[in-house]
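Numbering (our numbering), first residue to last: 97 to 144.
Here the structure is laid out as structure tokens; the discussion comes afterwards.
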Amino acid sequence: MSTYDEEHEIPQSELVALCSNCHSMVHRRKEAMDVDELKSIIQNKRNN
């Protein structure tokens, strides 16, 4: 969203509620991490 040059409507179906910790993790990279990728990372950490 921060890369949009002008006003842009985001469909509600594309929005995901995140706790502050997950929100921080999603934005650690230059390009925001996909929520499914974050889920995968968390699941892998739990399994190891």
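Built from N, CA and C at the ideal position, the CB exists for glycine as well.
Bear in mind that the values here come from a model prediction, so they are computed numbers and not experimental data.
C-alpha gap between residue i and residue j, whole angstroms
i	j	result
Cys118	His104	24 Å
Val112	Asp101	22 Å
Asn140	Glu127	21 Å
Glu110	Asn144	30 Å
Cβ-based neighbour list, residue i, same chain, cut-off 8 Å, excluding 5 preceding and 5 following
i	result
Pro107	none
Residue span of the alpha helix (DSSP H) that contains residue i, given as start and end
i	result
Asn117	116 to 122
Lys126	First-last for Lys126: undefined, no H or E at that position.
Glu133	131 to 143
Same chain, Cβ closer than 6 Å to residue i, five either side skipped, listed in chain order
i	result
Met129	Val122
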